[in-house]
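*Asks:* Right, I'll just put the structure down here and ask away after.
2 protein chains.
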Amino acid sequence: MPRPRSDEKRSAILDAATRFIVRHGLSAPTAGIAKEAGVANGSLFTYFETKTDLFNQLYLELKTEMASAAVKNLRPAAALREQYFQVWQNWTKWAASNPEKRRALAQLSVSGELSPETRTAAHKTMAAIAGMLERIRANGPMSKAPMGFVVALMNATADATIDLMSQDPTHAKKHCKLGFDALWRMIS
Amino acid sequence: MPRPRSDEKRSAILDAATRFIVRHGLSAPTAGIAKEAGVANGSLFTYFETKTDLFNQLYLELKTEMASAAVKNLRPAAALREQYFQVWQNWTKWAASNPEKRRALAQLSVSGELSPETRTAAHKTMAAIAGMLERIRANGPMSKAPMGFVVALMNATADATIDLMSQDPTHAKKHCKLGFDALWRMIS
DNA sequence: TGTTAATGACTGACTGGACAGACAACGAAG
DNA sequence: CTTCGTTGTCTGTCCAGTCAGTCATTAACA
Chain L
1 MPRPRSDEKR SAILDAATRF IVRHGLSAPT AGIAKEAGVA NGSLFTYFET KTDLFNQLYL
61 ELKTEMASAA VKNLRPAAAL REQYFQVWQN WTKWAASNPE KRRALAQLSV SGELSPETRT
121 AAHKTMAAIA GMLERIRANG PMSKAPMGFV VALMNATADA TIDLMSQDPT HAKKHCKLGF
181 DALWRMIS
Chain S
1001 MPRPRSDEKR SAILDAATRF IVRHGLSAPT AGIAKEAGVA NGSLFTYFET KTDLFNQLYL
1061 ELKTEMASAA VKNLRPAAAL REQYFQVWQN WTKWAASNPE KRRALAQLSV SGELSPETRT
1121 AAHKTMAAIA GMLERIRANG PMSKAPMGFV VALMNATADA TIDLMSQDPT HAKKHCKLGF
1181 DALWRMIS
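The listed protein sequences correspond, in order, to chains L and S. When we follow this note's numbering, the leftmost residue of the first sequence carries the number 1, and every step to the right adds one. When we follow this note's numbering, the leftmost residue of the second sequence carries the number 1001, and every step to the right adds one.
Following this line, the structure appears as structure tokens:
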């Protein structure tokens, strides 16, 4: 058998792309990404058909990682509010300790390069979190609001909270709670 | 005296850029923008030094327009909540009826092309609205939170609300109120 | 009022550089 | 010797910004 197409190299490219995109934006040259990954320019195109394809896969990878991080250590027996606070902590902690991944994600989200398929797949990775939200708002003032709106508010609040935590890491914990309480007031 | 450098043409370019950016993203070729504006490629660079300069001026123009629209028809005698609801209605209405301007604004916001000066100037145009927010949160649960965080939450909530109104214009009025109440719950 | 000269905003073909992706050559494994 | 992942050079395309020239407009003068 010839040398297998290595998953390590694939990951190296995705990691390099994350870093490089943060520094140079989405117009980052593929050659730069390849170099950062320690891989030849041409090799990049053996792993990803096009630059757009690379962006789509990277987006999905990051989104999936974020979603899995958020649902770690859940105690199904606990009250809904406690469970969700755990998710919130996981989420914001992941984002605060992976600023590059988060920035790259933000860039990719607005890139206009993502296919509807990618968006759909990404949405599915958030299904567990969205399910909790559904139950939280069920008896509150947002019970009649479209679910998409509630999810959008959650994402936006999380984003703002994470920004604050990153700006002022000393009080990260306090800010985390501040954002959570604000969201809870809004939707529960 | 020769023909003056026309402000009409400047506006035409900015308008064209708004439309063209929505359709082609920030990588829209300047030649395309110029053509859309009915102006020669080179003329664009007599009005704007560089593409980046064009983007900065466009951002500021749109932001200013939005902020002025929001503070129309205010009744200083009215209760704070009524006043702010008026602002909210103006704001969302403007955004809902200027979808292209809003989209362009969103793209420009995350472009990484905006100078700190532009950001500062844009921030100033929102001063009146931020001032109202300041008073609203003064006696509420967010009284100790950083003002920047509160502003970010307001912007995010407005964005989500406007999205919802655009998606389902039939119930725009209801959605407008829904978003306002959600924000009010969160910060007042 | 008609003619001419000066002006500078405007034009669009052009340039230089950058970049996505192709491809021919290479070398490691069988 | 064949197969196939990998390499890095190469090419065709695209685009921001330039610049030599155009031409509508105006002021000066007869």
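All C-beta atoms, glycine included, are put in the ideal place defined by N, C-alpha and C. Keep in mind the model is a prediction, meaning the values are calculated, not measured.
Pull up the distance between the alpha-carbon of L1153 (chain S) and that of P76 (chain L), whole angstroms please.
*Replies:* 30 Å
*Asks:* Go through its chain and collect everything with a Cβ distance to R10 (chain L)'s Cβ below 6 Å, but skip five positions before and after it.
*Replies:* Y47
*Asks:* Which residues of the region 1027-1048 of chain S have a Cβ closer than 8 Å to any Cβ of chain L? Give them in chain order.
*Replies:* S1027
*Asks:* Give the range of the alpha helix (DSSP H) segment to which H1024 (chain S) is assigned.
*Replies:* Run containing H1024 (chain S): D1007 to H1024, per the alpha helix (DSSP H) assignment.
*Asks:* Contact criterion: CB-CB distance below 8 Å. Does R1185 (chain S) meet it with respect to chain L?
*Replies:* The beta carbon of R1185 (chain S) falls within 8 Å of a beta carbon belonging to chain L, placing the residue at that interface.
*Asks:* By the 10 Å Cβ neighbour count, where 16 or more other Cβ atoms means buried, how is E61 (chain L) classified, buried or exposed?
*Replies:* Per the 10 Å Cβ criterion, buried.
*Asks:* Do I129 (chain L) and A67 (chain L) have their beta-carbon atoms positioned less than 8 Å apart in this structure?
*Replies:* yes
*Asks:* I want to see whether chain S comes within less than 8 Å of M165 (chain L), judged by CB atoms only; does it?
*Replies:* no
*Asks:* Which residue wins for smallest C-alpha separation from A1106 (chain S), given the options S:T1125, S:F1149, S:L1074 and S:F1055?
*Replies:* S:F1055
*Asks:* Please go through the same chain and pick out, in chain order, the residues whose beta-carbon is closer than 6 Å to the beta-carbon of G1032 (chain S), but skip the five residues on each side of it.
*Replies:* F1020
*Asks:* What did DSSP end up calling N1090 (chain S) once you bin it into helix, strand or coil?
*Replies:* helix
*Asks:* Sort S:E1100, S:A1016 and S:S1027 by Cα distance to A1275 (chain S) and report the nearest one.
*Replies:* Within the shown structure, residues of chain S are numbered from 1001 to 1188, placing residue 1275 (chain S) beyond reach of any answer.
*Asks:* By alpha-carbon positions, which one of L:S143, L:T52, L:T120 and L:W88 ends up nearest to A69 (chain L)?
*Replies:* L:W88
*Asks:* Looking at chain L, is there any beta carbon in it that lies within less than 8 Å of the beta carbon of L1074 (chain S)?
*Replies:* no
*Asks:* Which whole-angstrom value is the C-beta distance of C176 (chain L) and M186 (chain L), which I expect to be below 8 Å?
*Replies:* Not a contact, Cβ separation roughly 16 Å.
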